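To start, the structure under review is shown below, and the notes come after it.
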Amino acid sequence: MKKQKKSRMTQVLKGVDPVSRDLVVIITGVVMGSLARYLMMRRDIRQYPSYPHAVINHLALGFVAATLGAVAVPAIVAEEYTAVTFLALAATQFREVRNMERQMLQEFEKSEMVARGTDFIEGIARTFEARNYLVMFVALVSSVFAFWQGFLAGAVAGAAALFFTRRYMRGMIIKDIAKVRQAQFRFEGPNLFIEEIHIMNLGLPEVKEIYNKRARAVILEPYDDNAREILASVGQRQAIAHSAARILGIHRDVDTAEFTPLVRRNLETGRIAMIIVPIEPDGKCLVEAVKNVPVLESAVVRPLSTKAGRCASD
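Numbering-wise (my numbering), the sequence shown opens with residue 60 and increments by one.
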């Protein structure tokens with residue numbers, strides 16, 4: 060009778076029960092991965108999910124992702140390579156998470172006073188898909204270190220991986236690419252201007268009166284040509300209007316379209332002007348709200364990274 064071949068785990072960790080070691084490795088990965096998903100879930104006024112049932116859905120998916128990342132190391136060590144193919148299946152399932160979020164937010168869009176816009180929705184959907192992959196990464200790093208050094212080392216490595224992902228996966232916000240300041244608006248007949256930028260026509264005296272009393276305006280001045288092209292994106296401008304309306308409130312109802320916040324562009328300079336009639340008419344708070352709007356991935360372009368772009372900017 061052939062002598063049973065020892066597993067690599069038994070060879071590396073002599074005197075340690077392989078089953079117990081596997082259990083410690085998997086538990087470490089699952090705990091750190093699930094914790095990572097919880098900490099990644101920022102629930103604020105701009106971002107879905109913000110209610111218990113949606114939170115539970117995403118935490119459950121995070122647990123699944125953490126489990127898949129945690130079992131990879133024991134499976135490879137035990138030479139059960141077929142088990143790793145479940146990672147490919149998980150990628151397909153997480154892609155469905157992206158589709159689910161997109162469809163749900165598109166349905167919500169119909170009842171929004173100020174729409175998010177297609178670009179903003181796609182950015183949120185991509186984020187939720189990517190976070191499951193980050194959870195798998197954190198769980199995998201935790202399980203690798205737990206396999207070699209134990210639970211404590213795995214927990215420390217998982218925390219370091221989580222810090223790395225949060226630090227280096229953080230996107231830009233508007234204040235990183237543009238100066239945001241309060242601006243004055245004026246009427247010239249029925250025409251509404253913010254400094255030199257024409258916004259729209261308003262003919263009704265009662266509407267003008269509300270604007271003069273409650274409206275607030277800001278100007279966004281891009282730092283360079285890359286920022287100028289980002290702010291030129293219609294999707295990015297819609298995201299700015301939506302975020303400002305969500306944070307400060309909006310003085311409008313379903314039948315008062317004239318109070319919808321508008322964002323317009325100076326074609327010569329690339330400066331952006333926005334006017335909004337908020338429930339909380341505080342200009343400083345509006346500037347702060349606009350500064351913290353995320354820069355959408357779909358809007359990011361870098362003409363200055365090309366020779367032609369640098370030449371044109373001179």
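Using N, Cα and C, we set each Cβ at its ideal position, and we do this for glycine too.
Please read all numbers here as calculations on a predicted model, not as lab measurements.
message: Can you check whether the C-beta of Tyr-140 is within less than 8 Å of a C-beta belonging to chain C?
response: Considering every chain present, this structure includes no chain C. It has just one protein chain.
Given a cut-off of 8 Å on the beta-carbon distance, is the pair Gln-147 and Arg-161 in contact? Position 88 of the sequence shown, counting from 1, holds the residue named residue 147. Position 102 of the sequence shown, counting from 1, holds the residue named residue 161. With the sequence shown as reference, residue 147 is identified as Ala, and Gln is not the correct amino acid for it. No, Cβ-Cβ distance for Ala-147 and Arg-161 is not below 8 Å.
Own chain partners of Val-215 with C-beta closer than 8 Å, once the 5 adjacent residues on each side are dropped | Your numbering for residue 215 matches position 156 in the sequence shown. Excluding residues within five positions, the ones whose Cβ falls inside 8 Å are Phe-204.
With a threshold of 8 Å, are at least 3 pairs of Cβ atoms found where one atom belongs to the stretch 165-184 and the other to the stretch 109-119? With a cut-off of 8 Å, the stretch 109-119 and the stretch 165-184 do not count as touching, because too few Cβ pairs lie within range.
Run of the beta strand (DSSP E) containing Met-333, from where it starts to where it stops = As a first step, residue 333 must be located in the sequence shown, where it is residue number 274. 331-335 is the span of the beta strand (DSSP E), which, as asked, contains Met-333.
*asked:* Can you tell me which residues form a DSSP beta bridge with Ala-237?
replied: Here residue 237 refers to the residue found at position 178 of the sequence shown. Per DSSP, Pro-281.
With a threshold of 8 Å on Cβ separation, who are the neighbours of Leu-127 within its own chain once the five nearest residues in sequence on each side are excluded?
By one-based count along the sequence shown, residue 127 stands at place 68. If the five residues before and after Leu-127 are omitted, its C-beta is found closer than 8 Å to the C-beta atoms of Phe-145, Leu-146, Ala-149, Met-195 and Ala-198, all from its own chain and listed in chain order.
Fill in: Pairwise C-alpha distance: Phe-206 and Leu-311
Walking along the sequence shown from the start, residue 311 turns up at place 252. Walking along the sequence shown from the start, residue 206 turns up at place 147. It should be noted that the sequence gives Arg, not Leu, for residue 311. Distance between the alpha carbons of Arg-311 and Phe-206 is about 59 Å.
Worksheet entry | Burial state of Met-259 (16 or more Cβ within 10 Å) | The sequence position of residue 259 within the sequence shown is 200, counting from 1. A residue is called buried once 16 or more other Cβ atoms fall within 10 Å of its Cβ, and Met-259, having fewer, is exposed.
If distances are taken between C-alpha atoms only, which option among Val-293, Phe-187, Ser-202 and Glu-155 comes closest to Met-91? Taking the first residue of the sequence shown as position 1, residue 91 is located at position 32. Checking every option, the nearest Cα to that of Met-91 belongs to Ser-202.
Legend entry - Own chain partners of Pro-249 with C-beta closer than 7 Å, once the 5 adjacent residues on each side are dropped: The sequence position of residue 249 within the sequence shown is 190, counting from 1. Closer than 7 Å at the Cβ level, and outside the excluded window around Pro-249, lie Asn-260, Leu-261 and Gly-262.
Got a sec? Which residues, its chain only, sit under 6 Å from Arg-296 by beta carbon, not counting five neighbours each side?
-> Along the sequence shown, read from residue 1 onward, the residue named residue 296 stands at position 237. Excluding sequence neighbours, Arg-296 sits near Val-322.
### Task
Measure the Cβ-Cβ separation of Val-239 and Val-346 and say whether it is below 8 Å.
By 1-based counting over the sequence shown, the position of residue 239 is 180. By 1-based counting over the sequence shown, the position of residue 346 is 287. Yes.
Worksheet item: Exposed or buried, what is Ala-95 when buried is set at 16 or more other beta-carbons lying within 10 Å of its beta-carbon?
Response: Residue 95 sits at position 36 when you count from the first residue of the sequence shown. Classification for Ala-95: buried.
Q: Evaluate contact between the stretch 359-370 and the stretch 320-335, counting only Cβ atoms and requiring at least three cross-stretch pairs below 8 Å.
A: Segments in contact, no.
Exercise. Starting from the C-beta of Arg-275, find all residues in its chain whose C-beta is less than 7 Å away, skip the five residues before and the five after it, and write them out in chain order.
Key: Taking the sequence shown and counting its residues from 1, the one referred to as residue 275 is at position 216. These residues qualify, in order along the chain: Ile-335, Pro-337, Pro-340, Gly-342 and Leu-345.
Discussion item. Once DSSP output is grouped into helix, strand and coil, what is the label at Asn-250?
Written reply: Taking the sequence shown and counting its residues from 1, one reaches residue 250 at position 191. Of the three classes helix, strand and coil, the one that applies to Asn-250 here is strand, per DSSP.
Complete runs of the beta strand (DSSP E) confined to the stretch 255-320 [at least 3 residues]
Scanning the stretch 255-320 for uninterrupted beta strand (DSSP E) segments of 3 residues or longer gives 256-260 and 275-281, listed from N- to C-terminal end.
Val-173 and Ala-304: beta carbons closer than 8 Å? Counting from one through the sequence shown, the residue named residue 173 turns up at place 114. Counting from one through the sequence shown, the residue named residue 304 turns up at place 245. It is a contact, given that the beta carbons lie within the stated cut-off.
Distance check for Ala-298 and Val-360, CA to CA, integer angstroms please.
The sequence position of residue 360 within the sequence shown is 301, counting from 1. The sequence position of residue 298 within the sequence shown is 239, counting from 1. Cα-Cα distance, rounded: 17 Å.
Original post:
Apart from the five residues on each side of it in sequence, which residues of its chain come closer than 6 Å, Cβ to Cβ, to Val-71?
Top reply: Counted from its first residue, the sequence shown places residue 71 at position 12. Only weak support exists for where Val-71 lies, its pLDDT of 44 falling under 50; the value from the coordinates is given anyway. Annotation for Val-71: no residue places its beta carbon closer than 6 Å to its own, counting only its chain and skipping 5 residues before and after.
Given this structure, state the Cα-to-Cα distance separating Tyr-227 from Ala-220, to the nearest angstrom. Numbered from 1 along the sequence shown, position 168 holds the residue referred to as residue 227. Numbered from 1 along the sequence shown, position 161 holds the residue referred to as residue 220. When the Cα atoms are used, Tyr-227 and Ala-220 turn out to be separated by approximately 11 Å.
Margin query: Rounding to the nearest angstrom, what Cα-Cα distance links Ala-371 and Ala-237 in this structure?
Written below: On the sequence shown, residue 371 is found 312 positions in, with the first residue counted as 1. On the sequence shown, residue 237 is found 178 positions in, with the first residue counted as 1. Ala-237 has its alpha-carbon roughly 20 Å from the corresponding atom of Ala-371.
* Give the range of the alpha helix (DSSP H) segment to which Gln-208 is assigned. => To locate residue 208, count along the sequence shown from 1; it is residue 149. Start and end: 177-208.
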